[in-house]
Structure formats: C-alpha cells, structure tokens
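**Q**
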Amino acid sequence: MQAVLYTFANKFLSNDDLDKVKEVMFMTRLGQMLVNDGIEIGIEKGIEKGIEKGALALISVCREIGLSYDDTRRKLIEKLELDAPAAKRYMEEFWTRSSL
-14 MQAVLYTFAN
-4 KFLSNDDLDK
6 VKEVMFMTRL
16 GQMLVNDGIE
26 IGIEKGIEKG
36 IEKGALALIS
46 VCREIGLSYD
56 DTRRKLIEKL
66 ELDAPAAKRY
76 MEEFWTRSSL
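Note that the numbering used here numbers the sequence shown so that position 63 is 48, with each residue one more than the last.
If you want it as structure tokens, here you go:
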C-alpha cells in the first residue's frame, strides 16, 4: 500500500503538494499506521541483521577454537536460539567465509 501511495504522489504532485500531503498524513490515523508499519519493519530488519552478525561472529570463533561443523551448528541453535533450518542457512553461508 505504501508503494502505491508513494508512486501516485510522486507522479501527480509537486514538491510543495508532497510536503502538504506529508504533513496531513502524519496527523491522520492512516498516516500514523503507515509510520508504525515502517517502524515495525525497520525493527524486524535490525533484529535480523543483528542475528546475522552474531551468527557470523559465533561461527568465526568456533572455527578459531577448532569446533567441528556440526558442533558449531549446535552452538548456533543453543546460543542464538535459532531453529535448525536457520542454523543450517547461516552455516552454509558463513562457514567457508569465516576466518580460521
């Protein structure tokens, strides 16, 4: 829905009109809902990025101390509270990228 509004506004409104619409939107319930949705999406992406960085760091440390692939995968599940498919994805992505 946000993309449709954005496309419509950019196509048909001047910069001054866009500023006025933006001001009015923030004062409406719909505007607040869109802002809240954006905040929620940003938080979710931030959490995902944090888990990804944590997984890379944990895999790197596990490799440095000589843990096996399977032991490292188990540590991801235990320490980051990941499910098995997520741990497998991170292992496939980061195992060969992490330093020894």
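For each residue, glycine too, the CB sits at the ideal point set by N, CA and C.
None of these values were measured; they are calculated from a predicted model.
1) Just to confirm, are I36 and T57 a CB contact at a threshold of 8 Å?
2) In terms of residues, what are the limits of the alpha helix (DSSP H) holding T113?
3) DSSP on R48, reduced to helix/strand/coil?
4) Pick out whichever of T81, Y(-9) and F(-3) has its Cα sitting closest to the Cα of E49.
5) Can you round the beta-carbon distance between M76 and Y54 to whole angstroms, since I take them to be within the 8 Å contact cut?
**A** Here's the rundown:
1) No, these two residues do not count as a Cβ contact at 8 Å.
2) The structure shown does not extend to residue 113, since the chain is modelled only from -14 through 85, so no value can be given for it.
3) Secondary structure at R48: helix, using DSSP grouped into helix, strand and coil.
4) Of the candidates T81, Y(-9) and F(-3), the one whose C-alpha sits nearest the C-alpha of E49 is T81.
5) In this structure, M76 and Y54 form a Cβ contact; the two beta carbons are roughly 7 Å apart against a cut-off of 8 Å.
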